[in-house]
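Numbering (the numbering used here), first residue to last: 1 to 297. Note that CB positions come from ideal geometry on N, CA and C, so glycine has one too. Predicted model only: the values in this text are computed from it and were never measured. Below is one structure; the comments refer to it alone.
Below is the structure:
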(Lines of atoms letter the chains of each structure in order from A and count residues from 1; the text may use other names and numbers.)
(Lines give C-alpha, C1' and ligand atoms only; values in the text may rest on other atoms or scores of the structure.)
Protein backbone atom coordinates (compact mmCIF):
# COMPACT_ATOMS: atom_id res chain seq x y z
CA UNK A 1 0.00 0.00 0.00
CA UNK A 2 1.25 3.47 -0.89
CA UNK A 3 2.53 5.45 2.10
CA UNK A 4 0.91 8.88 2.30
CA UNK A 5 3.00 11.84 3.41
CA UNK A 6 1.39 14.91 4.94
CA UNK A 7 3.29 18.09 4.13
CA UNK A 8 2.38 20.91 6.50
CA UNK A 9 2.83 24.44 5.16
CA UNK A 10 1.88 28.02 5.82
CA UNK A 11 -0.45 29.45 3.15
CA UNK A 12 2.29 31.23 1.21
CA UNK A 13 4.56 30.52 -1.73
CA UNK A 14 7.84 30.30 0.20
CA UNK A 15 6.51 27.62 2.53
CA UNK A 16 5.09 25.58 -0.34
CA UNK A 17 8.32 25.92 -2.35
CA UNK A 18 10.40 24.56 0.50
CA UNK A 19 8.24 21.49 0.97
CA UNK A 20 7.75 20.97 -2.77
CA UNK A 21 11.53 21.05 -3.25
CA UNK A 22 11.93 18.43 -0.52
CA UNK A 23 9.20 16.19 -1.93
CA UNK A 24 10.46 16.51 -5.48
CA UNK A 25 14.04 15.66 -4.56
CA UNK A 26 12.86 12.67 -2.50
CA UNK A 27 10.84 11.40 -5.45
CA UNK A 28 7.44 11.59 -3.75
CA UNK A 29 4.78 11.50 -6.45
CA UNK A 30 1.72 13.77 -6.30
CA UNK A 31 -0.44 10.75 -5.44
CA UNK A 32 1.40 10.09 -2.18
CA UNK A 33 1.51 13.69 -0.90
CA UNK A 34 -1.25 15.43 1.07
CA UNK A 35 -0.89 19.20 1.50
CA UNK A 36 -2.15 20.72 4.75
CA UNK A 37 -2.20 24.42 5.62
CA UNK A 38 -1.12 25.60 9.02
CA UNK A 39 -3.30 28.61 9.87
CA UNK A 40 -2.60 30.71 12.98
CA UNK A 41 -0.74 27.88 14.62
CA UNK A 42 -3.43 25.26 13.94
CA UNK A 43 -2.98 22.46 11.46
CA UNK A 44 -5.95 21.56 9.29
CA UNK A 45 -7.43 18.15 9.98
CA UNK A 46 -6.86 15.51 7.31
CA UNK A 47 -8.01 11.89 7.46
CA UNK A 48 -4.81 10.20 6.29
CA UNK A 49 -5.27 6.77 7.76
CA UNK A 50 -2.85 4.52 9.66
CA UNK A 51 -0.20 4.57 6.95
CA UNK A 52 0.20 8.37 7.01
CA UNK A 53 3.58 9.93 7.69
CA UNK A 54 3.75 13.58 8.78
CA UNK A 55 6.68 15.58 7.39
CA UNK A 56 7.47 18.70 9.40
CA UNK A 57 7.98 21.99 7.61
CA UNK A 58 11.43 22.29 9.19
CA UNK A 59 12.61 19.44 6.99
CA UNK A 60 12.21 21.63 3.92
CA UNK A 61 15.83 22.71 4.21
CA UNK A 62 17.16 19.16 3.81
CA UNK A 63 19.01 18.39 0.58
CA UNK A 64 18.04 15.01 -0.83
CA UNK A 65 18.65 13.71 -4.31
CA UNK A 66 18.85 15.78 -7.49
CA UNK A 67 17.80 19.39 -7.92
CA UNK A 68 15.44 20.69 -10.59
CA UNK A 69 14.91 23.97 -12.40
CA UNK A 70 11.58 25.32 -13.62
CA UNK A 71 10.63 28.08 -16.00
CA UNK A 72 10.07 31.68 -15.00
CA UNK A 73 6.54 31.35 -16.36
CA UNK A 74 5.73 28.63 -13.84
CA UNK A 75 7.14 30.68 -10.95
CA UNK A 76 5.09 33.71 -11.97
CA UNK A 77 1.93 31.62 -12.34
CA UNK A 78 2.53 30.01 -8.95
CA UNK A 79 2.98 33.43 -7.34
CA UNK A 80 -0.56 34.27 -8.42
CA UNK A 81 -2.23 30.93 -7.84
CA UNK A 82 -1.13 30.67 -4.20
CA UNK A 83 -3.28 33.76 -3.53
CA UNK A 84 -6.40 31.77 -4.44
CA UNK A 85 -8.30 30.29 -1.51
CA UNK A 86 -8.95 26.85 -3.01
CA UNK A 87 -7.38 24.18 -0.77
CA UNK A 88 -6.59 22.19 -3.94
CA UNK A 89 -4.15 24.77 -5.31
CA UNK A 90 -1.12 23.24 -3.56
CA UNK A 91 -1.77 19.77 -4.95
CA UNK A 92 -2.35 21.01 -8.51
CA UNK A 93 0.77 23.17 -8.39
CA UNK A 94 2.84 20.22 -7.20
CA UNK A 95 1.35 17.92 -9.82
CA UNK A 96 2.29 20.36 -12.58
CA UNK A 97 5.74 20.83 -11.04
CA UNK A 98 6.23 17.06 -10.91
CA UNK A 99 5.16 16.59 -14.51
CA UNK A 100 7.45 19.39 -15.72
CA UNK A 101 10.48 17.92 -13.91
CA UNK A 102 10.20 14.25 -12.97
CA UNK A 103 7.69 13.64 -15.73
CA UNK A 104 9.87 15.43 -18.30
CA UNK A 105 6.94 17.45 -19.66
CA UNK A 106 9.09 20.58 -19.78
CA UNK A 107 6.73 22.53 -22.01
CA UNK A 108 3.55 21.54 -20.17
CA UNK A 109 2.46 25.16 -19.55
CA UNK A 110 2.17 25.65 -23.31
CA UNK A 111 -0.59 23.01 -23.43
CA UNK A 112 -3.52 25.18 -22.36
CA UNK A 113 -5.98 22.32 -22.94
CA UNK A 114 -4.33 20.18 -20.26
CA UNK A 115 -6.72 19.90 -17.26
CA UNK A 116 -4.07 20.84 -14.66
CA UNK A 117 -2.77 23.77 -16.67
CA UNK A 118 -6.33 24.88 -17.42
CA UNK A 119 -7.13 24.84 -13.71
CA UNK A 120 -4.13 27.01 -12.84
CA UNK A 121 -5.01 29.49 -15.58
CA UNK A 122 -8.65 29.63 -14.46
CA UNK A 123 -7.55 30.36 -10.89
CA UNK A 124 -5.25 33.10 -12.18
CA UNK A 125 -8.11 34.70 -14.12
CA UNK A 126 -10.35 34.54 -11.06
CA UNK A 127 -7.72 36.43 -9.08
CA UNK A 128 -7.55 39.05 -11.82
CA UNK A 129 -11.29 39.62 -11.57
CA UNK A 130 -11.09 39.85 -7.78
CA UNK A 131 -8.31 42.44 -8.02
CA UNK A 132 -10.41 44.45 -10.49
CA UNK A 133 -13.34 44.43 -8.06
CA UNK A 134 -11.12 45.63 -5.23
CA UNK A 135 -9.79 48.48 -7.35
CA UNK A 136 -13.34 49.48 -8.30
CA UNK A 137 -15.19 49.08 -5.02
CA UNK A 138 -12.86 50.24 -2.24
CA UNK A 139 -14.34 53.36 -0.60
CA UNK A 140 -12.10 55.33 1.76
CA UNK A 141 -13.55 57.14 4.78
CA UNK A 142 -11.84 60.02 6.54
CA UNK A 143 -11.05 59.13 10.16
CA UNK A 144 -8.76 62.00 11.22
CA UNK A 145 -5.62 64.01 10.58
CA UNK A 146 -2.10 63.26 11.78
CA UNK A 147 -1.16 66.19 14.04
CA UNK A 148 2.56 65.77 13.35
CA UNK A 149 2.41 65.64 9.55
CA UNK A 150 -0.94 67.26 8.79
CA UNK A 151 -1.79 64.35 6.48
CA UNK A 152 -5.38 63.19 6.34
CA UNK A 153 -5.97 59.60 7.38
CA UNK A 154 -8.43 57.32 5.62
CA UNK A 155 -9.67 53.79 6.21
CA UNK A 156 -11.57 51.45 3.88
CA UNK A 157 -13.21 48.06 4.34
CA UNK A 158 -13.30 45.43 1.60
CA UNK A 159 -14.15 41.74 1.46
CA UNK A 160 -12.13 40.01 -1.28
CA UNK A 161 -12.76 36.40 -2.15
CA UNK A 162 -9.05 35.61 -2.29
CA UNK A 163 -5.72 36.73 -0.81
CA UNK A 164 -5.19 39.55 -3.30
CA UNK A 165 -4.35 42.47 -0.99
CA UNK A 166 -0.62 42.44 -1.78
CA UNK A 167 -1.19 42.19 -5.53
CA UNK A 168 -3.79 44.97 -5.51
CA UNK A 169 -1.99 47.40 -3.18
CA UNK A 170 0.30 49.04 -5.77
CA UNK A 171 -2.79 50.49 -7.49
CA UNK A 172 -3.77 52.40 -4.34
CA UNK A 173 -0.20 53.44 -3.57
CA UNK A 174 0.12 55.15 -6.95
CA UNK A 175 -3.22 56.96 -6.67
CA UNK A 176 -3.31 57.88 -3.00
CA UNK A 177 0.33 58.48 -2.11
CA UNK A 178 -0.51 61.92 -0.68
CA UNK A 179 -2.66 60.64 2.18
CA UNK A 180 -2.33 58.06 4.95
CA UNK A 181 -4.64 55.12 4.42
CA UNK A 182 -5.48 51.60 5.49
CA UNK A 183 -7.51 48.96 3.68
CA UNK A 184 -8.95 46.42 6.09
CA UNK A 185 -10.07 42.97 4.94
CA UNK A 186 -10.84 39.68 6.71
CA UNK A 187 -7.78 38.04 5.13
CA UNK A 188 -5.07 40.71 5.35
CA UNK A 189 -4.77 44.48 5.83
CA UNK A 190 -2.52 46.99 4.07
CA UNK A 191 -1.38 50.37 5.40
CA UNK A 192 0.41 53.39 3.88
CA UNK A 193 1.88 56.13 6.10
CA UNK A 194 3.52 58.25 3.42
CA UNK A 195 6.83 56.40 3.66
CA UNK A 196 6.21 52.70 4.02
CA UNK A 197 3.69 50.15 2.81
CA UNK A 198 3.15 47.39 5.35
CA UNK A 199 0.76 44.52 5.94
CA UNK A 200 -0.96 43.14 9.03
CA UNK A 201 -3.30 40.19 9.70
CA UNK A 202 -6.95 40.43 8.70
CA UNK A 203 -9.60 41.90 11.00
CA UNK A 204 -13.35 41.71 11.45
CA UNK A 205 -15.89 44.12 9.95
CA UNK A 206 -16.41 45.86 13.30
CA UNK A 207 -12.88 47.29 13.05
CA UNK A 208 -13.88 49.39 10.02
CA UNK A 209 -15.29 52.94 10.44
CA UNK A 210 -18.89 53.91 9.78
CA UNK A 211 -19.93 56.31 7.03
CA UNK A 212 -18.79 59.93 6.89
CA UNK A 213 -19.25 63.01 4.70
CA UNK A 214 -17.38 61.33 1.84
CA UNK A 215 -20.31 58.93 1.47
CA UNK A 216 -22.47 61.87 0.40
CA UNK A 217 -19.88 62.78 -2.24
CA UNK A 218 -19.97 59.24 -3.61
CA UNK A 219 -23.77 59.34 -3.79
CA UNK A 220 -23.73 62.74 -5.54
CA UNK A 221 -21.18 61.46 -8.05
CA UNK A 222 -23.16 58.28 -8.72
CA UNK A 223 -26.35 60.26 -9.33
CA UNK A 224 -24.52 62.50 -11.79
CA UNK A 225 -23.14 59.64 -13.92
CA UNK A 226 -26.26 57.46 -13.88
CA UNK A 227 -27.73 57.33 -17.39
CA UNK A 228 -31.24 55.80 -17.43
CA UNK A 229 -31.18 55.48 -21.22
CA UNK A 230 -28.26 53.05 -21.02
CA UNK A 231 -29.53 51.06 -18.04
CA UNK A 232 -29.05 47.29 -18.28
CA UNK A 233 -29.77 45.84 -14.86
CA UNK A 234 -28.27 42.38 -15.45
CA UNK A 235 -25.10 43.83 -16.94
CA UNK A 236 -24.80 46.27 -14.05
CA UNK A 237 -25.22 43.50 -11.47
CA UNK A 238 -22.63 41.43 -13.30
CA UNK A 239 -20.10 44.26 -13.07
CA UNK A 240 -21.19 45.31 -9.56
CA UNK A 241 -22.36 42.11 -7.82
CA UNK A 242 -24.82 42.58 -4.98
CA UNK A 243 -22.42 41.13 -2.43
CA UNK A 244 -20.41 44.38 -2.67
CA UNK A 245 -23.40 46.69 -2.26
CA UNK A 246 -23.43 46.67 1.54
CA UNK A 247 -20.04 48.42 1.59
CA UNK A 248 -20.78 50.96 -1.16
CA UNK A 249 -22.42 54.24 -0.06
CA UNK A 250 -23.88 54.80 -3.51
CA UNK A 251 -25.53 51.36 -3.58
CA UNK A 252 -28.50 52.58 -1.54
CA UNK A 253 -29.47 54.74 -4.54
CA UNK A 254 -29.58 51.87 -7.05
CA UNK A 255 -33.17 50.69 -6.45
CA UNK A 256 -34.42 54.28 -6.49
CA UNK A 257 -32.61 55.14 -9.72
CA UNK A 258 -33.72 51.93 -11.43
CA UNK A 259 -37.34 52.52 -10.42
CA UNK A 260 -37.29 56.05 -11.84
CA UNK A 261 -35.28 55.29 -14.96
CA UNK A 262 -38.26 54.75 -17.30
CA UNK A 263 -39.77 58.11 -16.39
CA UNK A 264 -36.46 59.89 -16.83
CA UNK A 265 -36.02 58.36 -20.29
CA UNK A 266 -39.49 59.53 -21.34
CA UNK A 267 -38.66 63.01 -20.09
CA UNK A 268 -35.39 63.03 -22.02
CA UNK A 269 -37.20 62.01 -25.23
CA UNK A 270 -39.88 64.65 -24.71
CA UNK A 271 -37.38 67.49 -24.43
CA UNK A 272 -36.90 69.51 -27.56
CA UNK A 273 -33.61 69.06 -29.31
CA UNK A 274 -31.11 71.79 -28.63
CA UNK A 275 -29.99 73.91 -31.55
CA UNK A 276 -26.59 72.85 -32.80
CA UNK A 277 -23.89 75.35 -32.03
CA UNK A 278 -21.48 76.48 -34.75
CA UNK A 279 -18.08 74.86 -34.76
CA UNK A 280 -15.48 76.84 -32.76
CA UNK A 281 -13.03 79.00 -34.72
CA UNK A 282 -9.99 76.92 -33.92
CA UNK A 283 -7.04 76.62 -36.30
CA UNK A 284 -6.23 73.05 -35.33
CA UNK A 285 -9.84 71.88 -35.73
CA UNK A 286 -10.12 73.75 -39.02
CA UNK A 287 -7.04 71.86 -40.27
CA UNK A 288 -8.57 68.53 -39.28
CA UNK A 289 -11.82 69.38 -41.07
CA UNK A 290 -9.89 70.33 -44.17
CA UNK A 291 -8.03 67.05 -44.11
CA UNK A 292 -11.29 65.11 -43.82
CA UNK A 293 -12.78 66.98 -46.76
CA UNK A 294 -9.86 66.21 -49.06
CA UNK A 295 -10.79 63.67 -51.80
CA UNK A 296 -9.26 60.24 -51.35
CA UNK A 297 -6.43 59.15 -53.57
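For residue 91, there is no enclosing beta strand (DSSP E); the enclosing alpha helix (DSSP H) has its first and last residue at 89 to 101. In the three-state reduction of the DSSP assignment, residue 164 falls in the coil class.
Only exposed fits residue 14, as fewer than 16 other CB atoms lie within 10 angstroms of its CB. Out of 71, 77 and 126, the CA that lies nearest to the CA of residue 101 is found in 71. Annotation for residue 81: the continuous alpha helix (DSSP H) segment containing it runs 72 to 81. In the structure shown, the three-state DSSP call for residue 180 is strand. When Cβ pairs closer than 8 Å are counted between the two stretches, the region 138 to 156 is seen not to touch the region 89 to 105, the count staying below three. Residue 156 sits in a strand when the DSSP states are folded into three classes. It is roughly 6 Å from the alpha-carbon of residue 36 to the alpha-carbon of residue 7.
Look at residue 27 here: in three-state DSSP terms it is coil, with no helix or strand label. Taking the CA atoms as reference points, residue 134 sits about 10 Å from residue 157. If the five residues before and after residue 118 are omitted, its C-beta is found closer than 7 Å to the C-beta atoms of 112, all from its own chain and listed in chain order.
The distance from the Cβ of residue 82 to that of residue 12 is about 7 Å, consistent with a contact at the 8 Å cut-off.
Taking each of 140, 92 and 67 in turn and checking the Cα distance to residue 78, the smallest one comes out for 92.
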